[in-house]
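Residue numbers (this note's numbering), protein chains in the order written: chain U, 1069 to 1236; chain E, 1069 to 1236. For every residue, glycine included, the Cβ atom is placed at its ideal position computed from N, Cα and C. A quick note: this is a predicted structure, and the numbers were derived from the prediction, not measured.
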DNA sequence: ACTTGTGCCTATGAATTTCATAGCAACATG
DNA sequence: CATGTTGCTATGAAATTCATAGGCACAAGT
């Protein structure tokens, strides 16, 4: 696997180019989305991203090597690992949030409802799509907001989980 | 060119997945970076992203089809086009900004200096890396901040432009 | 008129990556 | 001791990417 562009030529001063050598990939971003949504096991991530096991395994390995993800054994005998965000991985949250806001605003889904709504824990009201809370104006961070999936989106995810189990 | 995943299966409710069908690609993001930096001509974009002409041509075509970019003739006879961001493309700016902040903070370049610094036009002071101005706390947007490239970064870009001219 | 240069790509073939499908190792559970 | 679960790895075929070359339409110089 020689896919990463992390060679010397990527010692560019541009932070966007540097970031893209790590996260400039659809699968990688979808994996991060799942980790932020609280999925931690390989097959959960695979089921929701709909990637092949190699795609997921390779990306998780890259993410671990790049320091965004850490593996932790949640069971020995049988030895099983779960995937968790490191501090560096958690710090990626604003990008996911910005991507979400853009997607919700500019790439309409056929059905209407917003997939996930956040409540701002400090003011207790809806946080909206921006970087600051639309209700109280204060800056949002991962720790001061709580997510709620729309019923439709929850059903979509459940359907994927079941479809995955069905053909294995 | 059958690369886009914009088939029916992407009618997911997840805005991140929908966004990634358009921008989930290293070259695409680098092209958007260049457009935000004020580059508009094909060869400028090619030189700074260091992509092959097909990569750039294909991505620009996708971006145009997705409505983020519009082509405008800046000369007829000979007919020449420049590439400009649409409103939908401009709206992607927060993602670029978040990516930049993460890259500057978490993927250190060998040399120290920050590539680009922004000044907040409203308070006249440095805007910092966050979504709100680090000096005055107000939310930042593309229209209320002005960029200044560091000397080193400017030199890096000039060197790329020259290297590109040299071997053509 | 004719050579050289510019801007924006397209063509070609080899190298690499991705996808679909299958399967395996290490257990747990009945 | 057969079947299920979890987390992957193996194998080729299909698609994409890369490096390299070139082409087309015109402008400018000589």
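Per DSSP, residue 1107 of chain E is not a residue of any alpha helix (DSSP H), being assigned neither H nor E. Distance check between residue 1117 of chain U and each of E:1231, E:1086 and E:1217 places E:1086 closest, using alpha-carbon atoms only. A Cβ of chain E is located within less than 7 Å of the beta carbon of residue 1171 of chain U. Interface annotation, residue 1081 of chain E: in contact with chain U, CB-CB separation under 7 Å. Counting only residues of its own chain and dropping the five nearest sequence neighbours on each side, residue 1138 of chain E has a CB closer than 6 Å to the CB of 1152 and 1154. Just measuring C-alpha positions, the residue of E:1171, E:1220 and E:1162 sitting nearest residue 1104 of chain E is E:1162. Following the DSSP letters along the chain, one finds residue 1176 of chain U in no alpha helix (DSSP H), marked with neither H nor E. With a threshold of 7 Å between beta carbons, residue 1224 of chain U makes contact with chain E. Among the CB atoms of chain U, one or more fall inside 7 Å of the CB of residue 1092 of chain E.
In terms of beta-carbon proximity, residue 1168 of chain U lines the interface with chain E, with at least one pair separated by less than 7 Å. Counting only unbroken stretches of 4 or more residues, the alpha helix (DSSP H) elements lying wholly within the segment 1158 to 1230 of chain E are 1161 to 1174, in sequence order.
By the criterion of a C-beta distance shorter than 8 Å, residue 1218 of chain U is surrounded in its chain by 1181, 1182, 1183, 1184 and 1185, once the five residues flanking it on both sides are discounted. The beta carbon of residue 1229 of chain E lies closer than 8 Å to those of 1112, 1115 and 1116 in the same chain, with the five residues before and after it left out. Excluding its 5 nearest sequence neighbours in each direction, residue 1156 of chain U has C-beta neighbours in its own chain below 6 Å: 1135 and 1136, listed in chain order. Assignment of residue 1098 of chain E by DSSP, reduced to helix, strand and coil, places it in the helix class. When beta bridges are read from the DSSP output, residue 1090 of chain U appears opposite no residue.
Residue 1234 of chain U and residue 1227 of chain U have their C-alpha atoms spaced approximately 10 Å apart. Taking one beta carbon from each stretch, the segment 1205 to 1213 of chain E and the segment 1168 to 1177 of chain U have fewer than 3 pairs nearer than 8 Å; the two do not touch. Cβ contact annotation for residue 1189 of chain E (same chain, cutoff 7 Å, sequence separation greater than five): 1212, 1213 and 1214, in chain order. The Cβ of residue 1156 of chain U sits closer than 7 Å to at least one Cβ of chain E. By the criterion of a C-beta distance shorter than 8 Å, residue 1107 of chain U is surrounded in its chain by 1113 and 1116, once the five residues flanking it on both sides are discounted. A distance below 7 Å between beta-carbons, with the five flanking residues on each side excluded, links residue 1121 of chain U to the following residues of its chain, in chain order: 1114. A direct Cα-to-Cα measurement between residue 1198 of chain E and residue 1177 of chain E gives close to 19 Å. A check of alpha carbon separations from residue 1150 of chain U across U:1196, U:1099 and U:1187 identifies U:1099 as the nearest.
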